Each structure stands twice: as C-alpha cells, then as structure tokens.
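2 protein chains.
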Amino acid sequence: MDREARLREVVKAALEHPVYREKLKGLSPEEVSLETLQTLPLTTREEWVAYLRENPRPPEGASLMHLTPSPLMGWMPEYLSQEDLRYQAEALAAHYRRLGLVGKKVLVAFSYHVFAGGWLFHQALWRAGNLVFPHGPGEAGRIAEIGQTYGFDVLVTNPSFALKVGQAGGRFPLLLAGGEPFTSVPGFREKVEALLGGVALDAYGTSELGIVAGETMAKDGLWEIPEMAILEVLDPETLKPVADGEKGELVVTALSRTLMPMLRFRTGDLAIAERREGLTVLPRGVFGRTDAMVKVKGVKLYPTELSPILAGFGLDPRGFQVVLERKLEGTDKLVLRLKGEKVPPGLMEAIQKATGLRVDEVELVGEIAGPLVEDRRF
Amino acid sequence: MDREARLREVVKAALEHPVYREKLKGLSPEEVSLETLQTLPLTTREEWVAYLRENPRPPEGASLMHLTPSPLMGWMPEYLSQEDLRYQAEALAAHYRRLGLVGKKVLVAFSYHVFAGGWLFHQALWRAGNLVFPHGPGEAGRIAEIGQTYGFDVLVTNPSFALKVGQAGGRFPLLLAGGEPFTSVPGFREKVEALLGGVALDAYGTSELGIVAGETMAKDGLWEIPEMAILEVLDPETLKPVADGEKGELVVTALSRTLMPMLRFRTGDLAIAERREGLTVLPRGVFGRTDAMVKVKGVKLYPTELSPILAGFGLDPRGFQVVLERKLEGTDKLVLRLKGEKVPPGLMEAIQKATGLRVDEVELVGEIAGPLVEDRRF
Chain A
11 MDREARLREV VKAALEHPVY REKLKGLSPE EVSLETLQTL PLTTREEWVA YLRENPRPPE
71 GASLMHLTPS PLMGWMPEYL SQEDLRYQAE ALAAHYRRLG LVGKKVLVAF SYHVFAGGWL
131 FHQALWRAGN LVFPHGPGEA GRIAEIGQTY GFDVLVTNPS FALKVGQAGG RFPLLLAGGE
191 PFTSVPGFRE KVEALLGGVA LDAYGTSELG IVAGETMAKD GLWEIPEMAI LEVLDPETLK
251 PVADGEKGEL VVTALSRTLM PMLRFRTGDL AIAERREGLT VLPRGVFGRT DAMVKVKGVK
311 LYPTELSPIL AGFGLDPRGF QVVLERKLEG TDKLVLRLKG EKVPPGLMEA IQKATGLRVD
371 EVELVGEIAG PLVEDRRF
Chain B
11 MDREARLREV VKAALEHPVY REKLKGLSPE EVSLETLQTL PLTTREEWVA YLRENPRPPE
71 GASLMHLTPS PLMGWMPEYL SQEDLRYQAE ALAAHYRRLG LVGKKVLVAF SYHVFAGGWL
131 FHQALWRAGN LVFPHGPGEA GRIAEIGQTY GFDVLVTNPS FALKVGQAGG RFPLLLAGGE
191 PFTSVPGFRE KVEALLGGVA LDAYGTSELG IVAGETMAKD GLWEIPEMAI LEVLDPETLK
251 PVADGEKGEL VVTALSRTLM PMLRFRTGDL AIAERREGLT VLPRGVFGRT DAMVKVKGVK
311 LYPTELSPIL AGFGLDPRGF QVVLERKLEG TDKLVLRLKG EKVPPGLMEA IQKATGLRVD
371 EVELVGEIAG PLVEDRRF
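These protein sequence lines are chains A and B, in that order.
Residues 11 to 388, numbered by my numbering, are exactly what the first sequence covers, in order.
Residues 11 to 388, numbered by my numbering, are exactly what the second sequence covers, in order.
The following block contains the structure:
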C-alpha cells in the first residue's frame, strides 16, 4: 500500500474539516509527504472537544458512532464513514494476517456497547478470515469454559481481565491485549502467559485513532502498523522529534479516518521512539503520561511513568506522590512518597534506570491524598 | 432477486450438512421450487441440539458465532460464514430500504454480546446506509438524553424497554421493536407510540433464522421478508398448511443461512397465516406457542395465546392456568384459573373471540403454581 497517497487523502479531508480548515489554510495535499508531515500543525483532544461540544450531531456520511468518556465534555462522540470503516478493517486485517491470524477462532471480551473497543478488534480479525465470537466483557468463568468447549485459539481483552480468565481455568494459545498498561509493567506479561498457557501480545490504540501499534510474535516492542497510522514521538516542550531511545509524547496521524481526520494528534501518552526497518517502534510500549511532566535537576521527569514500575514490584500503581523540594545548597531534592510498609529491594535502582534520576528520599505512608506532584521549590 | 435460485443454494448446502444428509437423500436441488418446498421434511430445534451437542466446535468456514440460551443444552451455538453474513446484511437491508430507512440515525439498544440480537439489526441498517450507534441494552435515561443530543431518528429495542426509554423522556420518530410479544398484545403499540412520540413497528426473528418478518409503515401485520425467508403456517398435528386466517405453527426456511441451513424449521411459535401479494403475512404477529396445544370440545386451544390477551387487559401474562374437566354429560369443561381479584369486563369475550372457545368457569386465585394446563379429563 502507498502510505503517502493515503496520507494525502487524509490531509485532503482535513482541509475541508472545520477543525483543520484554518490551521491548514494554503496547504496543498500534493506538498505533503511522509518526510514533510512534521511541518504540519499538531492537534489536541481539547481542540476536538471544543468543536464537538458545539457540533455534537453526526456529520454527513457518518455510518458508525461510538462514545468515549471525556472528562471535558462527559462523552466525546466518534464518527466513521462506511469508507473509513472498510479501510480500517482492511488495514488492520493486514496486520493480523502478518501475525498469522487467519482461520483462527477468536473470542473478543472487550465491550461492543457504546465504546469502540470490541469493534476495533472484531472487524479486522473477521476481515482477516477468522471466526470471531463477540462475547463482551466479564464472566471470566464462562469464557474459560467456552474457550475449551469450542476450541478457541485467541482471547482478545485487557491483560488484567485475562488474568482473571486464567485464574478461572481459561487456557488460550494467544492473547491479544490492549486497553491498559501491559508490557510496560515488568513481569506482567510473564504472569499472564503462565496463567493462560500461551503467548500474550500488546497493542496500542484509542477510540479516536483505532489500533495504531502492535507487537509481533518477536515481542520486541509496539510496531507502528503502517496501514493504520504514522507515529511520531516528540519532546512535549519543544515539539520536535526526540532522538532514538529518548522519551517523549506519542503523536499519531491516523490513516484510517477521513470523516474525523486525526492529523498529528497529541495523545499525551509517554513512549520511547526507535526507528527500525523504516517504521517507528515503541520498545517499552506506552508507559505514562506527558501532561504531568516536571523538570528535576534539569531532567524531564514523567511521574506517571513510575506507575508500571511500582506495579512490577507488586505495589499499588497509583500509590505514590512525587514531592520536589529545594535543598539548602539550592539544588532540587526528589522525594518519593510511597504507600507501603517497606521499600522493595531493587525498586530505587529500577526508578533510576527508567527516569535517569536518583530518588533522594523515600517517605512511606499509609494513604495517598492530593495531587501526583507536590512542587515546593518555587 | 430470485428467491427460487437462492432456495436451491440453501438446499444444496443442506444436502451436504450432517443434520440433513440422510433426510434429504436422493433429492436433487433442481427439483426444489417455492411450490414443492412443502414436500421437504421439517426440522426441529431438537434435531439441531442433538447434533450440536456432539459437534459443538465451529464448522469449517465459520466467521461469526453467537450463543443462544437453550434449555436443552445450556447454550446453543450459531455459526455464519462470511458469505452468509454478507447475504443476510444485504437481504435485510433491502427490507429497511423499502421502509425508507436510508440516511437515518439509528440507536440499537439490543445486546451485541454473546447473543445475535444487536448484530441482526445493526448490520442490515448499516448496510442500508444509516448511521448506527451500537449502544447495547439498559441505561434508559442515558438513551433518552443521547437521542436528543445527537438527534437520533430510530430506536431499536424490545417494546418493554422502549417504554422505559419513553418514561425517561426519550422521544424517537420510529421504534423498530422485536424480541418479545408486541403487536399481539392489544393496546401495547398505542402505549409505546404515545410515550415515544413516534411510530412503532414490530418484527419477528430468532438467532437461528435472522429477522424473517417485519411490519411496514401500514402496520398491517408481519410480512415475510422475501429475501430473508420463506414462511409457512402449518397445523401442528397434521403438518399441512392451514387455511388463510387459521392458526398454526410458524415454519421458516431461512434464505440467509448456508453454513447452518435452516430448512422448514419448526419455530413452535403460533401465528395466523394470510397470503397477500404473493407473500405470507402474519396479521396478528406471533402470539403464542404451539407446543402446549390441547383439544377442547374438538377445537385446538393454544393456552399461551391467552398471555397477550391478559397483558392487553393489564393482567400478568403468566398469571393463569387452563384446567380441563369432564362435565357430567361427558362434554369438556374449560376452567380458567386466573391470578387476580376480579375478571376485567370484556376479557371473556376477547378470549372467546381469539380461541373460538367459551370459558365455562373462572376461578380467581392469589398465586399460580403448577403447569400451564391441568387436564383432568382422562
């Protein structure tokens, strides 16, 4: 497939969309290429919310609608045209075909109601030539039983529910996971795989974008799905691409959407960029948010990045706070307030390795209250 | 479309299916026509259950699976091929296009999880060129709000939930109902229409068959959907077609299924047959079951037929029993045991009109226990 030609189609659609019309004024789709994409303006969820709040009703040509909970507007609608849906199913089917998912029996335990979750996986896996059973969420025991009775090969759900299915006796040769931090949590994949008795693969997607990155059987990071999207990882301050191996904000241009074009959409999600075989790969998956970033000792600290690390050490992923103080000599002091009774051995080293910052002091507490970051420096 | 050609394709598929192979031995699909269909053997749910119990796993070519609760085997699976699904969506889309349902905004409140319900409506309405929002069941208040915010034209759900949506303030120009007795309950449609502020249409379908009959805007009964199925109404004793206006068992040959062919499938549902414009019409909808039929004074009585009549008089549709006794002079005595404190005026006349039988005695009781029919005659 010609990604560049498809990108131009998406840009053409964006030029006619109220969210982009002004921003892209004067741009000719012919000028746009995979290389020059970086010169186009970025888009935020807030821009979309502002537009949809004024224009909630389905646009002309809408054929499928979903809602995503949005703290900003209650529910944010997403609309796809028939053509978008066909494109998306085929594009993602190509990814599943490359994974060898053809002629398999797939049980989808994501919801098909209101949310896009189940649909995103269902339509592509169906199109790739698999049997799909739209089970929906919950009922781990029933899923375990159905898996065996009907000989299912693949379970599609989030990793924490997959654990429940495994605990209920469910065994699946393959898990396609998504919807929550997974491979970014050390040891999580191994636990899920041991329980389900198969291979577990991670993927990344959102309702607005579709599924845009996924693992291969090599389990070597989330690969950009070339038919679905163009991924960039940018420094959230300078908005320039970060160097290979550097952290930054995942920015996605969806190739599957023309009715609600998503051009250089800032996800707010934290990832590390790598280029391999001409594609962007996220070797550590998606492991935090960029929107709470603070600078400590001149280094960018993304506090939410600590969540998967804590989870990997068996701690509550939300049970922490970052407290920043000024030392007497004027330098920054990094205090980690931690819900727990003791500091698991190796935790501090893991945090230092991930963030590049040494924690100066740990404060163990019974409960956490207040914001993620308490900045007492200024 | 050429129904006869499609029927032959279905018969051809049946000839190769274990459920039919023996029954249809020696038959040539070329001999089969709309007229000679009646000479083919009937099929029951029990035959399918017996087969599926031994062979639960998806057959070769299965692309979508659903489960229906089955008292006989817990869950009964249904399988469709990609081709079946495409045929079904297009066939039913033709019906919705005839209803003028093109370019509308449709909210589906049937479940898409495990059951076929939501899918049956969704795919056809989508294919006909409508915007479909797969909402799923429940949340009447939210549906009322969404209906208004996004300007939905059509609500798809069962009539009792539609009432709740109406009570929560929901207003929809059109309701496509199904899944439970509706137009067979006197006054039910009027109540739903008054609450929702629009037109309410009934439909009939099952997981094994798809949606096979539906009302038109003329509200003059459930019409056979010619692309989807061939309907017959048979005397459940003689298994011969009943005369126009006579009650009998609805028997359906699905034109949309080849992977699990449904040839002259005995639904066990009670309907009245009429022929209009070359199609079978069920003027009173589907209003009871044939499997509890008893003969009273030489007349076939279908006790479940009383349910919609009781509901129409505001009584509990399950709050009754039929007691049959022998009068001293040897003739049958029909006693109706009724949960209630008094007999609503007009009820006895309505029952006599529907069943052709006069109730000899009414026994009012506080609770109903035991079987539907208590036959003390023999």
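Every residue gets a Cβ at the ideal spot worked out from N, C-alpha and C, and that includes glycine.
Keep in mind it's a predicted model, so treat the numbers as computed, not measured.
Start and end residues, beta strand (DSSP E) containing Q331/B | Reading the second sequence from its first residue, position 321 is the one you call residue 331/B. 330-336 is the span of the beta strand (DSSP E), which, as asked, contains Q331/B.
Report all residues from its chain with a CB closer than 8 angstroms to the CB of K423/B; omit the five preceding and five following residues, and keep chain order.
-> Lying before the first or after the last residue shown, residue 423/B is absent from chain B, which here runs from 11 to 388.
Let me know the secondary structure DSSP gives L47/A once reduced to three states.
-> Locating residue 47/A in the first sequence gives position 37, counting from the first residue. Reduced to three states, the DSSP call for L47/A is helix.
Mind checking which residues open and close the beta strand (DSSP E) that includes A228/B?
-> As a position in the second sequence, residue 228/B is number 218, starting the count at 1. First-last for A228/B: undefined, no H or E at that position.
Length of the line joining the Cα atoms of R108/A and A15/A = Counting from one through the first sequence, the residue named residue 108/A turns up at place 98. Counting from one through the first sequence, the residue named residue 15/A turns up at place 5. About 22 angstroms.
Entirely enclosed beta strand (DSSP E) segments - the stretch 299-355 of chain B, minimum 3 residues | 304-306, 309-311, 330-336, 342-349
Chain B within 9 angstroms of V261/A, Cβ atoms only | Here residue 261/A corresponds to residue number 251 of the first sequence, with the count starting at 1. For V261/A, the answer is no, since every Cβ of chain B falls outside 9 angstroms of its Cβ.
Can you pull the chain A residues whose beta carbon is under 9 angstroms from the beta carbon of A72/B, in chain order?
-> Counting from one through the second sequence, the residue named residue 72/B turns up at place 62. Correct list: K115, L141.
To which residues does DSSP link Y214/A through a beta bridge?
-> What you label residue 214/A is simply residue 204 of the first sequence in a count that begins at 1. Y214/A is bridged to A223/A.
For G322/B, which residues of its own chain have a beta-carbon under 6 angstroms away from its beta-carbon, when the five flanking residues on both sides are left out?
-> Numbered from its first residue, the second sequence carries residue 322/B at position 312. Within its own chain, the residues whose Cβ lies closer than 6 angstroms to the Cβ of G322/B, once the five positions on either side in sequence are excluded, are V195, P196, G197, listed in chain order.
Step through the CB atoms of chain B and report whether any lies within less than 9 angstroms of the CB of R121/A.
-> Residue 121/A sits at position 111 when you count from the first residue of the first sequence. Checking the sequence, you will find Ser at residue 121/A rather than Arg. Output row for S121/A: interface = yes.
Local Cβ density within 10 Å of R306/A, reported as buried at 16 or more and exposed below that | Mapped onto the first sequence, residue 306/A falls at position 296. According to the sequence provided, residue 306/A is Val. The question's Arg does not apply to it. Buried, by the Cβ-count rule.
Within the chosen definition, does the stretch 98-108 of chain A reach the stretch 60-73 of chain B through at least 3 CB pairs nearer than 8 angstroms?
-> no
Sequence-distant residues of the same chain with beta carbon closer than 8 angstroms to L311/B, five excluded per side = The residue you call residue 311/B lines up with position 301 of the second sequence. The answer, listed in chain order, is M303, V304, K305, V332, L344, T365, L367.
State yes or no: is the beta carbon of I156/A nearer than 9 angstroms to at least one beta carbon in chain B?
-> Your numbering for residue 156/A matches position 146 in the first sequence. Closer than 9 angstroms to some Cβ of chain B, the Cβ of I156/A qualifies, so yes.
List the residues of chain B whose Cβ lies closer than 8 angstroms to the Cβ of H145/A, in chain order.
-> Counting from 1 along the first sequence, the entry for residue 145/A is found at position 135. Listed by position along chain B, the residues whose Cβ is nearer than 8 angstroms to that of H145/A are H123, V124.
Could you name the residues of the same chain whose beta carbon sits closer than 7 angstroms to that of S121/B, not counting the 5 residues immediately before and after it, in chain order?
-> If you number the second sequence from 1, residue 121/B lands on position 111. Beyond the five residues adjoining it in sequence on each side, S121/B comes within less than 7 angstroms, by CB distance, of G127, G128, G146, P147 in the same chain, given in chain order.
Is R5/B helix, strand or coil when you go by DSSP?
-> Since the first and last residues shown for chain B are 11 and 388, residue 5/B lies out of range.
Nearest candidate by alpha-carbon position, reference S73/B, set P81/A, G139/A, L374/A, L52/A = Start at 1 with the first residue of the second sequence, and residue 73/B comes out as number 63. The shortest Cα separation from S73/B among P81/A, G139/A, L374/A, L52/A belongs to G139/A.
In chain B, which residues lie with their C-beta within 8 angstroms of the C-beta of P66/A?
-> Here residue 66/A is taken as the residue at index 56 of the first sequence, counted from 1. Within 8 angstroms Cβ-Cβ: T159, Y160.
Contiguous alpha helix (DSSP H) assignments of at least 4 residues, all confined to the stretch 76-117 of chain B | 92-108
Within 9 angstroms (strictly less), CB to CB, does M75/B reach chain A?
-> Here residue 75/B refers to the residue found at position 65 of the second sequence. By this cut-off, M75/B is an interface position.
Applying the criterion that 16 or more other CB atoms from any shown protein chain within 10 Å of the CB defines a buried residue, is K257/A buried or exposed?
-> The residue labelled residue 257/A in the question sits at position 247 within the first sequence. Its Cβ being crowded by 16 or more others within 10 Å, K257/A is buried.
Looking only at its own chain, which residues have a Cβ that is under 6 angstroms from the Cβ of K114/B, when we skip the five neighbours before and after it?
-> For this step, residue 114/B is matched to residue 104 along the second sequence. The answer, listed in chain order, is N140, D163, V164.
Range of the contiguous beta strand (DSSP E) that encloses L165/B = Along the second sequence, one-based indexing puts residue 165/B at 155. First-last of the beta strand (DSSP E) with L165/B: 164-167.
Limits of the beta strand (DSSP E) - the one that K257/A falls within = Counting from 1 along the first sequence, the entry for residue 257/A is found at position 247. Run containing K257/A: 257-264, per the beta strand (DSSP E) assignment.
Contacts of A183/A in chain B (Cβ-Cβ under 7 angstroms) = Sequence index remark: in the first sequence, residue 183/A carries index 173 (1-based). Ala is not the amino acid found at residue 183/A; the sequence shown has Pro there. Under the 7 angstroms cutoff, chain B gives no residues; its nearest Cβ is about 15 angstroms from P183/A.
9 angstroms Cβ cutoff, G298/B in contact with chain A = In the second sequence, residue 298/B corresponds to position 288, counting from 1. Not closer than 9 angstroms to any Cβ of chain A, the Cβ of G298/B fails to qualify, so no.
Residue interval of the alpha helix (DSSP H) (run including T290/B) | Here residue 290/B corresponds to residue number 280 of the second sequence, with the count starting at 1. Counting along the chain, T290/B falls outside any alpha helix (DSSP H), though it belongs to the beta strand (DSSP E) covering 289-292.
Alpha-carbon spacing of L25/B relative to P39/B, whole angstroms | If you number the second sequence from 1, residue 25/B lands on position 15. If you number the second sequence from 1, residue 39/B lands on position 29. Looking at the two C-alpha atoms, the distance is approximately 9 angstroms.
Any chance the stretch 260-268 of chain B sits against the stretch 234-250 of chain B, with 3 or more Cβ pairs inside 8 angstroms?
-> yes
Cβ shell of K174/B (< 7 angstroms), same chain only, five flanking positions each side left out | Position 164 of the second sequence, counted from the first residue, corresponds to residue 174/B. Cβ neighbours of K174/B beyond the five flanking positions: A150.
Checking contacts by CB at 9 angstroms: is G180/A closer than that to chain B?
-> On the first sequence, residue 180/A is found 170 positions in, with the first residue counted as 1. It does not; no Cβ of chain B falls within 9 angstroms.
Assess, as a yes-or-no matter, whether the stretch 292-301 of chain B is touched by the stretch 267-282 of chain B under the definition of 3 or more beta carbon pairs within less than 8 angstroms.
-> yes
Using the beta-carbon count (16 or more within 10 Å), is F143/B buried or exposed?
-> By one-based count along the second sequence, residue 143/B stands at place 133. Result: buried.
For V20/B, which of G84/B, E315/B, M272/B, T49/B has the nearest alpha-carbon?
-> Numbered from 1 along the second sequence, position 10 holds the residue referred to as residue 20/B. Closest by alpha carbon: M272/B.
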